[in-house]
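Asks:
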Amino acid sequence: MKSKIFEHILSIVFVSALLITALFAVTDTSRRDGNGGGKYQSQQGLGDIGFVEINSPFHRALLQDVADIFYPGSHDRNVSLVRAALLMQERALSDRLQTAYVKERLTPAKMAALAGMYVKFLVVYIVVMFLTYYGVQTLAVWQFVRERRRAGAEDSLGRIIARLAGRLASFAASMVLFSPAYVIAYSMRTDLNTDSTFFMALLGVISNGLLMVYATKFHAFLTAESRKGYVETALVKNLDSSYDAGRGGISAADILRPFKRFDGHVFDHIYRNARFQYISTIKEQAAFLITGLIIIEMALNIHGHLCYEMLRQMLYKNWDVVIAILLAIFYTVKLTELVADAWAHRAALRYENSTARP
Amino acid sequence: MSALRCEDVRWAGLWFGVTAALGVWDLLFLNRPAFKRVSIGFVNTFAIAFMTAVCTLVLGWAAAVGLHGLESKGRRVRYILITFAINLARSVPQIVGILFGYIAVASFRESGAWGAGVLMFPLLALCVAVFVFPEMTDLIRERIAHFSASDFYNAMRVCGVRERRIVNLHILWRNSRIHIFNKLISVFGMAVFLLCSVDFIISVGLSSDVNEVSLPVTLGGLLATIDSKQDILAIGYTVTHPQYFPRLFFQHLQGVTVAFLIVFTLLCVHRVSTGFARRHRL
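Line order of the protein sequences matches chains S and E. Numbering of the first sequence is given in our numbering, commencing with residue 48 and proceeding in unit increments. Numbering of the second sequence is given in our numbering, commencing with residue 57 and proceeding in unit increments.
#1: Output, in chain order, the set of chain S residues within a Cβ distance shorter than 8 Å of L195 of chain E.
#2: Measuring alpha carbon to alpha carbon, tell me which of S:D115, S:R152, S:T154 and S:L110 ends up nearest L414 of chain S.
#3: What is the rounded straight-line gap between the Cα of F237 of chain E and the Cα of L257 of chain S?
#4: Determine the closest residue to A185 of chain E out of E:R220, E:G97 and E:A109, with distance taken between C-alpha atoms.
#5: Do the region 320 to 330 of chain E and the region 213 to 230 of chain S make contact, defined as three or more Cβ pairs closer than 8 Å?
#6: Can you look up H235 of chain E in the DSSP assignment and give me helix, strand or coil?
#7: By how many angstroms is the C-alpha of E100 of chain S removed from the C-alpha of K167 of chain S?
#8: Identify, in the order they occur along the chain, each residue of the same chain with its Cβ nearer than 7 Å to the Cβ of P305 of chain S, setting aside the five sequence neighbours on each side.
#9: Which first and last residues belong to the alpha helix (DSSP H) in which E344 of chain S is found?
#10: Can you tell me the Cα-Cα spacing of K49 of chain S and F189 of chain E, whole angstroms?
#11: Go through the region 173 to 260 of chain S residue by residue and report every complete run of the alpha helix (DSSP H) that reaches 4 residues or more, in order.
#12: Would you identify the three-state DSSP class for F72 of chain E, choosing helix, strand or coil?
#13: Helix, strand or coil for H312 of chain S? Go by DSSP, reduced to three states.
#14: I'd like the span of the alpha helix (DSSP H) that includes R213 of chain E, first residue to last.
#15: By Cβ distance, which residues of its chain are closer than 7 Å to Y87 of chain S, with the 5 residues on each side in sequence left out?
#16: Between which two residues does the alpha helix (DSSP H) carrying Q307 of chain E extend?
#17: What residue range is occupied by the uninterrupted alpha helix (DSSP H) comprising S204 of chain E?
#18: Within 10 angstroms of its Cβ, does R393 of chain S collect 16 or more other Cβ (buried), or is it exposed?
#19: At a cut-off of 7 Å, would you count P190 of chain E as near the ligand COA, judging by its Cβ distance to the nearest heavy atom?
#20: Just how far apart, CA to CA, sit R206 of chain S and I231 of chain S?
#21: Compute the Euclidean distance between the alpha carbons of P405 of chain S and S243 of chain S, then round it to the nearest angstrom.
#22: With 16 as the cutoff for other CB atoms within 10 Å, does G51 of chain E come out buried or exposed?
#23: On a CA-only basis, which of S:K364, S:S58, S:S121 and S:Y229 is nearest L289 of chain E? Give me that one, please.
#24: Give me whichever residues DSSP pairs with D287 of chain S in a beta bridge.
#25: So which residues on chain S does C252 of chain E lean against when the C-beta distance must stay under 7 Å?
#26: Can the beta-carbon of A262 of chain S be found less than 8 Å from the beta-carbon of V183 of chain S?
#27: Since V94 of chain E contacts T330 of chain E with CB under 8 Å, what's their CB separation in whole angstroms?
#28: Taking buried to mean at least 16 other C-beta atoms within 10 Å of its own C-beta, is R327 of chain E buried or exposed?
#29: From which residue to which residue does the alpha helix (DSSP H) around Q286 of chain E run?
#30: Buried or exposed: G261 of chain E, going by 16 or more other Cβ atoms within 10 Å of its Cβ?
#31: Determine, using beta carbons only, whether L304 of chain E comes closer than 8 Å to chain S.
#32: How is I349 of chain S classed by DSSP in three states: helix, strand or coil?
#33: Applying the criterion that 16 or more other CB atoms from any shown protein chain within 10 Å of the CB defines a buried residue, is Y233 of chain S buried or exposed?
#34: Quick check: what's the CA-CA separation for R19 of chain S versus P272 of chain E?
#35: Whose C-alpha, out of S:I343, S:A281 and S:H312, is nearest the C-alpha of D291 of chain S?
#36: With distances taken Cα to Cα, identify the nearest neighbour of A162 of chain S among S:T379, S:A389 and S:E384.
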């Protein structure tokens, strides 16, 4: 565990140093560029003439005389040179005016605004993480129990029709669950306010295939555990193994419970061991979840949210603000990895009956 | 017939059949310019996704075998550095990394550098593969670790067989290619999802920096066009007005086709991967 913590801290320090250095470099470059149209004039071979006032006839005449002194015998060329330089200075001023509203710097006020967006992002992320953690396990358990029930059931016409209807409904539900968030959101835009935080959290749970992919993984863990020797030993020793909904079996309430327990049933042991293995997959799930939330915010252009703000600042090339947002997202990922590693380590210590300190 | 009993074969066949039927339907009822755009987007998406799977395999295999070699030779510093770099790539949200990669590739294209046009597809595939290959590396390393503890590994070492041959041929090719192939199927699905999402985001939010001249059109970019967005709005309208349903197949064909292709492909790839794993008891 110590080596994992050390690695996490090292990567946080490395990436922070890299991005903060880039931040200072970008800030310095933009400060130099903001000092006027010097680059325009220097291309004309006149040096930096940012101090020349375009609207002053005296300054224009003085510049012309200076050009004639420095480049004697080419008056016509000097006239066109000065005219071009002044035109470029006008254009530079016009550009600055047009982009004034999109050029932003990482000021304390901007950082405070970003902090508010980050808190909103974290709240949505944590809520969606808990919901998907519950949803993944519930879906996987329901699928596992349904397979066991179906294996013992006798085929009748009613069952076949019910199974076909179930498969159609399952197909339709799968199409929704595998839809990218922007497909669902754009199809609902006329009927719902898709810019709300609630809708964003809902999309984070049901879209992008997150639930289906990780429910399949958890189901694979359950299936692998059910084939192990200790399960067969428990079955031989008459531990409850009925998956029917009745007494001694597994009911819908058992499956839907947030903190699942199947006391006295062999599935309790299968579930606990599968859940232990699943803890290390949470890091991967969290990274995919963050990817999904970023897609949702960017694709739906949800104003006032962190990832859409990053896309907007990328468009306007305000790289200092982009770097600050990138750092915030990176810290979120790293914090999740730290928590997942710590949780996996604690669970491993418990199952190894060890009281040794990490 | 026995092949059709396999879930993965069934779903693969279903995907081919439905896609072909959709192609015929679009040929009949979608206007020619839109049909051409959808066809090009479809081909581009799958070509780049396929190249991503290939790049992921190459990068993941090289990283895993390289790390195993460094670990067994005791070269701790290089081992730690490479592991650190891979973990760093794992910590970056994939969509963010790919987005910046796309911007870099678009700038490279616009610079007019030699070969920029030809290298577009491989470069885009590499952008995605860099953030996906750690999963492949983990799988291959797990397989190497599993078989390194077995008797045949030590027996072959004692007989003088080179470790490189044992790892690459006996462990990975002969005993793990099914696992690697199964992983490549899910990588393909992930690539389709990421490519469409990034292209959608770029088309919606960064169209002044990166446009269809600099990047190839994929299904995601097509979905971001105003025509497709209106077609997708019609899908939601149908939910509350079911009598509008038949019109989706004639009037709103471009957006419905693109959205359906993306969603159906992702579903089928997932089912093929699950079925394949179940069939081979992975």
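Just so you know, even glycine gets a beta-carbon here, dropped at the ideal spot from N, CA and C. These numbers come from a predicted model, not from an experiment.
Replies: Result, derived from the coordinates:
#1: For the purposes of this step, residue 195 of chain E is identified with residue 139 of the second sequence, where counting begins at 1. Ordered by position in chain S, no residue passes the 8 Å Cβ test against L195 of chain E, which lies about 12 Å from the chain.
#2: What is shown of chain S runs 48 to 405, which leaves residue 414 of chain S out entirely.
#3: Walking along the second sequence from the start, residue 237 of chain E turns up at place 181. Walking along the first sequence from the start, residue 257 of chain S turns up at place 210. Rounded to whole angstroms, F237 of chain E to L257 of chain S spans 22 Å at the Cα level.
#4: As a working mapping, residue 185 of chain E is identified with position 129 in the second sequence. It is E:A109 whose Cα lies nearest to the Cα of A185 of chain E.
#5: Touching, yes, given that three or more Cβ pairs across the two stretches are closer than 8 Å.
#6: To locate residue 235 of chain E, count along the second sequence from 1; it is residue 179. DSSP places H235 of chain E in helix when its eight states are reduced to three.
#7: Taking the first sequence and counting its residues from 1, the one referred to as residue 167 of chain S is at position 120. Taking the first sequence and counting its residues from 1, the one referred to as residue 100 of chain S is at position 53. The alpha-carbon atoms of K167 of chain S and E100 of chain S are separated by roughly 48 Å.
#8: Within the first sequence, the letter at position 258 stands for residue 305 of chain S. Closer than 7 Å at Cβ, skipping near neighbours: Y181.
#9: Locating residue 344 of chain S in the first sequence gives position 297, counting from the first residue. According to the DSSP assignment, E344 of chain S belongs to the alpha helix (DSSP H) that extends over I329 to A346.
#10: For the purposes of this step, residue 49 of chain S is taken as residue 2 along the first sequence, with counting starting at 1. For the purposes of this step, residue 189 of chain E is taken as residue 133 along the second sequence, with counting starting at 1. Whole-angstrom Cα-Cα distance: 26 Å.
#11: Runs found: 204 to 225, 228 to 234 and 244 to 253.
#12: As a working note, residue 72 of chain E is residue 16 in the second sequence. Residue state, collapsed to three classes: helix.
#13: Walking along the first sequence from the start, residue 312 of chain S turns up at place 265. Here H312 of chain S sits in strand by DSSP.
#14: Taking the second sequence and counting its residues from 1, one reaches residue 213 of chain E at position 157. R213 of chain E -> alpha helix (DSSP H) spans D207 to V214.
#15: For this step, residue 87 of chain S is matched to residue 40 along the first sequence. The pLDDT assigned to Y87 of chain S is 47, lower than 50, so where the model puts this residue is not dependable; a value taken from the coordinates is nonetheless given after this. Closer than 7 Å at Cβ, skipping near neighbours: M135, Q136 and A139.
#16: The count along the second sequence starts at 1 and reaches residue 307 of chain E at position 251. Per DSSP, Q307 of chain E belongs to no alpha helix (DSSP H) and is neither H nor E.
#17: Here the question's residue 204 of chain E lines up with position 148 in the second sequence. Here the alpha helix (DSSP H) through S204 of chain E covers F189 to S204.
#18: In the first sequence, residue 393 of chain S corresponds to position 346, counting from 1. Exposed is the label assigned to R393 of chain S, since fewer than 16 other Cβ atoms lie within 10 Å of its Cβ.
#19: Annotation note on the ligand COA: not contained in the displayed structure, which lists no ligands.
#20: In the first sequence, counting from the first residue as 1, residue 206 of chain S sits at position 159. In the first sequence, counting from the first residue as 1, residue 231 of chain S sits at position 184. In this model, R206 of chain S and I231 of chain S are separated by some 32 Å (Cα to Cα).
#21: Looking up residue 405 of chain S in the first sequence gives position 358. Looking up residue 243 of chain S in the first sequence gives position 196. Confidence at P405 of chain S is low in this model, with a pLDDT of 48, below 50, so the placement of that residue should be treated as unreliable; the coordinate-derived value is given next. Between P405 of chain S and S243 of chain S, the C-alpha separation is close to 43 Å.
#22: This structure gives no information on residue 51 of chain E, because the portion of chain E shown stretches from 57 to 338.
#23: For the purposes of this step, residue 289 of chain E is identified with residue 233 of the second sequence, where counting begins at 1. Here the closest residue by C-alpha is S:Y229.
#24: Counting from one through the first sequence, the residue named residue 287 of chain S turns up at place 240. Answer is S:H312.
#25: Here residue 252 of chain E refers to the residue found at position 196 when the second sequence is read from its first residue. Simply P227.
#26: Locating residue 262 of chain S in the first sequence gives position 215, counting from the first residue. Locating residue 183 of chain S in the first sequence gives position 136, counting from the first residue. With contacts defined by Cβ atoms closer than 8 Å, A262 of chain S and V183 of chain S form a contacting pair.
#27: Counting from 1 along the second sequence, the entry for residue 94 of chain E is found at position 38. Counting from 1 along the second sequence, the entry for residue 330 of chain E is found at position 274. The beta carbons of V94 of chain E and T330 of chain E sit about 28 Å from each other, so the pair does not count as a contact at 8 Å.
#28: Translated into the one-based positions of the second sequence, residue 327 of chain E becomes position 271. The residue in question, R327 of chain E, is buried, as its Cβ has 16 or more Cβ neighbours within 10 Å.
#29: Locating residue 286 of chain E in the second sequence gives position 230, where the first residue counts as 1. From DSSP, the alpha helix (DSSP H) with Q286 of chain E extends over I282 to T296.
#30: Position 205 of the second sequence holds residue 261 of chain E. Around the beta carbon of G261 of chain E, 16 or more other beta carbons sit within 10 angstroms, so the residue counts as buried.
#31: Locating residue 304 of chain E in the second sequence gives position 248, counting from the first residue. Not an interface residue.
#32: Looking up residue 349 of chain S in the first sequence gives position 302. If DSSP states are grouped into helix, strand and coil, I349 of chain S belongs with coil.
#33: Position 186 of the first sequence, counting from 1, holds the residue named residue 233 of chain S. Flag for Y233 of chain S reads buried.
#34: Nothing in the structure corresponds to residue 19 of chain S, since chain S is present only between 48 and 405.
#35: Here residue 291 of chain S refers to the residue found at position 244 of the first sequence. The residue from S:I343, S:A281 and S:H312 with its alpha-carbon nearest to that of D291 of chain S is S:H312.
#36: Sequence index remark: in the first sequence, residue 162 of chain S carries index 115 (1-based). When the alpha-carbon of A162 of chain S is set against those of S:T379, S:A389 and S:E384, the nearest one is in S:T379.
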